[in-house]
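S.K.: Chains as they are written, first to last, in numbering that gives the first Met the number 0: chain S, 0 to 336; chain H, 0 to 336.
Yeah, the Cβ is synthetic: ideal placement off N, Cα and C, and Gly gets one too.
Sharing a structure below in structure tokens format, with a few things to ask.
Number of protein chains: 2
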Amino acid sequence: MSDIANELGLSTTTVSFVINNKAEEMGISEDTVKKVNALIKKKGYKPNNAARVLRTGKSNTLALIVEDIGNSFFGNVSKIIEMVANKNGYKVFFSSTECDNQIAKSLISVMKQSSVDGFIITATIGLDEEILRLKKEEIPFVLIDRIIPGIETDSVTIDNFSGGYQLTDHLISQGYKKIALVTITNGMSQMEDRRLGYKKAIEEAKIEERVLEVPIIDNTNKDQLEIISKYLYDNKDIDAIFFATNYLGILGIEAIKENRLQIGKDIAMVSFDDHDLFRLMNPTITVAAQPLEQIGSRAIAILLKKLKKGYTVIPPINEVLAPEIIIRESTPTVKHK
Amino acid sequence: MSDIANELGLSTTTVSFVINNKAEEMGISEDTVKKVNALIKKKGYKPNNAARVLRTGKSNTLALIVEDIGNSFFGNVSKIIEMVANKNGYKVFFSSTECDNQIAKSLISVMKQSSVDGFIITATIGLDEEILRLKKEEIPFVLIDRIIPGIETDSVTIDNFSGGYQLTDHLISQGYKKIALVTITNGMSQMEDRRLGYKKAIEEAKIEERVLEVPIIDNTNKDQLEIISKYLYDNKDIDAIFFATNYLGILGIEAIKENRLQIGKDIAMVSFDDHDLFRLMNPTITVAAQPLEQIGSRAIAILLKKLKKGYTVIPPINEVLAPEIIIRESTPTVKHK
DNA sequence: TTGAAAGCGCTACCAC
DNA sequence: GTGGTAGCGCTTTCAA
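Below, the structure is given as structure tokens:
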């Protein structure tokens with residue numbers, strides 16, 4: 000910068016004003032502005048970001064912490080978030096936690112050190128402390144996909160209870176009576192809510208609740224597949240199965256295949272989250288789809304708002320979006336019985 | 000930092016050495032080290048990253064520029080890259096270009112300003128200039144998935160020619176004679192190579208080459224779907240179809256469905272890239288799978304090596320991995336004719 | 001309308 | 001073994 004200033008016989012102050020579009024505000028002559036801009040272009044000068052961050056404390060950077068960037072749900076939400084952020088002059092640091100609380104903690108800490116301006120987080124279990132600290136430090140953040148019960152924060156979620164209820168209710172109204180729910184043992188809010196929705200529908204119909212909780216296993220889902228497969232093998236009377244997330248649904252399809260069952264014929268199937276597989280396989284699968292674009296764009300909108308107006312000014316915003324129940328071929332009406 | 004130094008009656012120098020694990024090297028007494036570490040913990044002190052970056056010019060940050068983070072191929076490669084990077088003390092900035100050259104350019108420029116230490120890039124067409132500049136500035140980077148012909152760089156790719164050849168050859172040896180290739184009109188190296196592989200097999204078998212080039216259309220693939228669907232409608236004699244990438248394969252399945260054709264019966268199908276859909280749908284789809292873990296881990300390994308030893312010391316490394324041909328149900332042997 | 005200079009928090013050179 | 005201090009590149013206050 001000083002090169003530019005020297006070469007034009009100006010001070011760095013003036014140059015800085017021009018760079019930051021404060022020329023007018025500061026009453027700098029048009030002539031000077033033009034000269035400076037010309038030389039900047041000629042030299043290909045780019046301001047050093049670190050120095051700016053150091054000086055201003057603002058990095059124009061957001062951190063996005065998701066559970067698994069390889070999962071199409073998170074991948075697509077991330078894409079939206081990144082696009083909107085870029086449009087608003089923010090860059091996005093992304094990280095996958097792989098459901099590991101330690102990773103999530105250290106990620107948040109590292110990001111804070113790098114003075115990110117705000118966070119979008121899919122919380123892991125046991126992240127309460129970190130979240131509370133963010134609140135205390137008044138660093139803006141938005142929780143997506145799931146909340147942390149008992150902590151008031153900005154959030155964008157969907158109505159998981161309703162989704163769980165509707166999917167189960169659909170199965171019931173199609174005539175199924177032995178409906179199993181396959182979920183994950185981690186107690187996260189979105190999973191809990193889906194389960195509660197399932198439970199309510201089951202209770203209303205006065206049929207038996209059947210739940211398989213699959214443990215989260217490191218790095219390989221071979222074991223999870225086996226658990227689901229064995230469950231199917233051991234429970235041949237089940238006539239419909241509800242997978243609580245796309246990831247389980249995919250494993251479920253594999254497990255059903257292993258058991259040589261035919262979806263829609265031997266067993267009905269529904270899943271939370273839509274996926275190309277569910278949409279296109281044969282038969283197609285009935286799902287509760289999440290509005291990915293909305294989740295992403297609402298989350299980033301809230302964050303940008305807080306960033307602009309100051310974190311504490313606006314009370315927490317909790318956006319709850321509706322899942323879309325898409326009825327497909329995997330849940331035909333039961334014929335006789 | 001100075002707080003810590005003052006409180007212990009030490010200089011910031013000493014504290015800095017301790018923080019950076021140079022205590023031993025610099026011959027600082029164990030006592031001092033312990034005291035410093037204790038106070039750091041107590042105060043919850045975290046060094047300011049911006050200041051470090053400003054001072055050292057190193058940010059311990061890598062930029063990952065992919066085509067579409069919502070695509071399972073890129074999502075999963077990104078995941079690996081991020082994991083390995085984190086393990087080595089690097090953070091990862093990710094960005095999707097959405098195939099837009101302008102976005103790619105500005106992304107690289109923005110990242111450079113933030114002093115990222117290195118890049119991993121899936122190049123877009125027309126990125127030559129930026130890539131050459133990175134080379135000139137001796138900023139380490141690795142190209143993945145595709146190279147830029149004519150520019151010598153580090154890269155990790157797969158043998159796309161061989162993959163294209165093998166898939167086509169498989170179709171031919173199964174007895175198919177009217178084999179169409181569906182690819183994208185963008186001239187990127189990986190697509191070109193797949194096409195050349197297809198072409199070679201076709202020529203060897205002395206059958207007719209049939210290629211559908213789908214244009215890249217902004218933000219919606221509705222139009223692309225229609226193009227493929229129409230092509231199928233207009234070319235009812237085709238007995239096998241080869242999609243050059245997972246994204247086209249998925250659209251292809253949809254198009255085939257629209258035309259009420261049955262894969263493996265009315266038409267055989269193969270695709271580049273594996274995907275849950277290809278693995279699990281009915282029938283399962285024959286593919287050329289890319290070794291995602293290897294691509295990611297090799298790319299980051301090369302980058303880290305360059306980062307450590309200095310960019311210019313080591314000559315460019317071009318790693319070419321083998322695709323894995325996975326034969327499934329979508330390509331049965333032709334029965335009679 | 002422009003300039004001088006302080007200082008953001010840290011590292012690393014050199015001195016003791 | 002430890003400390004003093006310059007300076008990384010920028011923004012911003014105050015002065016001219």
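Kindly indicate if chain H contains any beta-carbon less than 8 Å away from that of S/I249.
M.R.: It does: the Cβ of S/I249 has a partner Cβ on chain H nearer than 8 Å.
S.K.: Please return the same chain residues whose Cβ sits closer than 6 Å to the Cβ of S/V210, not counting the five positions on each side in sequence.
M.R.: Closer than 6 Å at the Cβ level, and outside the excluded window around S/V210, lie L180.
S.K.: Who are S/S77's beta bridge partners in DSSP?
M.R.: Beta-bridge pairing links S/S77 to no other residue.
S.K.: My output table needs one value for H/R145: the three-state DSSP class, helix, strand or coil.
M.R.: In the structure shown, H/R145 sits in coil (DSSP, three-state: anything other than H, G, I, E or B).
S.K.: Excluding the five sequence neighbours on either side, which residues of its own chain have a C-beta within less than 7 Å of the C-beta of S/I79, listed in chain order?
M.R.: Answer for S/I79: L291, E292, G295 and S296, listed in chain order.
S.K.: My output table needs one value for S/L9: the three-state DSSP class, helix, strand or coil.
M.R.: DSSP places S/L9 in coil when its eight states are reduced to three.
S.K.: What residues from the stretch 68–95 of chain S come within 9 Å of chain H, judged by C-beta to C-beta, listed N to C?
M.R.: Listed by position along the chain: I68, G69, N70, S71, F73, G74, N75, V76, S77, K78, I79, E81, M82, N85, K90, V91, F92, F93, S94 and S95.
S.K.: Could you check which residue in S/I18, S/C98, S/N85 and S/I64 has the C-alpha nearest to that of H/Q101?
M.R.: Closest by alpha carbon: S/N85.
S.K.: Can you tell me whether S/T184 is helix, strand or coil according to DSSP?
M.R.: Coil, per DSSP.
S.K.: From S/G149, S/K308 and S/N245, pick the residue whose C-alpha is nearest to that of S/A287; which is it?
M.R.: Per the Cα distances, S/N245.
S.K.: Using the three-state DSSP reduction, which class does S/I249 fall into: helix, strand or coil?
M.R.: In this structure, S/I249 counts as helix in the three-state DSSP scheme.
S.K.: Could you please tell me which residues of the stretch 287–304 of chain H, in chain order, have their CB closer than 9 Å to any CB of chain S?
M.R.: Those would be L291, in chain order.
S.K.: Between the stretch 99–114 of chain H and chain S, which residues of the former have a C-beta closer than 9 Å to a C-beta of the latter?
M.R.: Those would be I102, S105, L106, S108, V109, M110, K111, Q112, S113 and S114, in chain order.
S.K.: What are the residues of the stretch 242–275 of chain H that lie near chain S, defined by any Cβ-Cβ distance shorter than 8 Å?
M.R.: From the stretch 242–275 of chain H, only I249, I252, E253, K256, H274 and D275 have a Cβ closer than 8 Å to chain S.
S.K.: How far does the alpha helix (DSSP H) with H/L279 in it reach, from first residue to last?
M.R.: Element bounds for H/L279: D275 to L279.
S.K.: Identify the continuous alpha helix (DSSP H) that holds H/N207 and give its terminal residues.
M.R.: The residue you asked about is not Asn; residue 207 of chain H is Glu in the sequence shown. Where H/E207 is concerned, there is no enclosing alpha helix (DSSP H), given that its DSSP letter is neither H nor E.
S.K.: Nearest-angstrom Cα distance between H/D236 and S/I255?
M.R.: Roughly 35 Å separates the two Cα atoms.
S.K.: So is H/V312 buried or exposed if we call it buried at 16+ other beta carbons inside 10 Å?
M.R.: Exposed, since its Cβ has fewer than 16 Cβ neighbours within 10 Å.
S.K.: Who are the near neighbours of H/E253 in its chain, counting only those whose CB is closer than 7 Å to its CB and skipping five residues on each side?
M.R.: Excluding residues within five positions, the ones whose Cβ falls inside 7 Å are L224.
S.K.: H/N281 versus chain S: which residues are under 8 Å apart at the beta carbon?
M.R.: The contacting residues are M280 and N281.
S.K.: Using the Cβ count rule (16 or more neighbours within 10 Å means buried), how would you classify S/G69?
M.R.: By the neighbour-count rule (16 or more Cβ atoms within 10 Å), S/G69 is buried.
S.K.: Would you list the residues sitting across from H/T117 in a DSSP beta bridge?
M.R.: What sits at residue 117 of chain H in the sequence shown is Gly, not Thr. Note: H/G117 sits in a beta bridge opposite H/L61.
S.K.: Quick one: list the residues of chain H neighbouring S/V32, beta-carbon separation under 7 Å, in chain order.
M.R.: Per Cβ cutoff of 7 Å: no residues; S/V32 is ~21 Å from chain H at best.
S.K.: Just how far apart, CA to CA, sit S/G88 and H/I119?
M.R.: The straight-line gap from Cα to Cα measures roughly 22 Å.
S.K.: Buried or exposed for H/V14, please, with buried defined as at least 16 other CB atoms from any protein chain shown within 10 angstroms of its CB.
M.R.: By the 10 Å Cβ count, H/V14 comes out buried.
S.K.: Looking at S/K177: is its Cβ nearer than 8 Å to the Cβ of S/D238?
M.R.: Yes. Within cutoff.
S.K.: Mapping DSSP to helix, strand and coil, what is S/L303?
M.R.: Helix.
S.K.: Does the beta-carbon distance from S/I240 to S/M280 come in below 8 Å?
M.R.: It is not a contact, given that the beta carbons lie outside the stated cut-off.
S.K.: Who are the near neighbours of H/S94 in its chain, counting only those whose CB is closer than 6 Å to its CB and skipping five residues on each side?
M.R.: Excluding positions up to five away in sequence, the list reads I64 and L106.
S.K.: Please state whether DSSP places H/E66 in a helix, a strand or coil.
M.R.: In this structure, H/E66 counts as coil in the three-state DSSP scheme.
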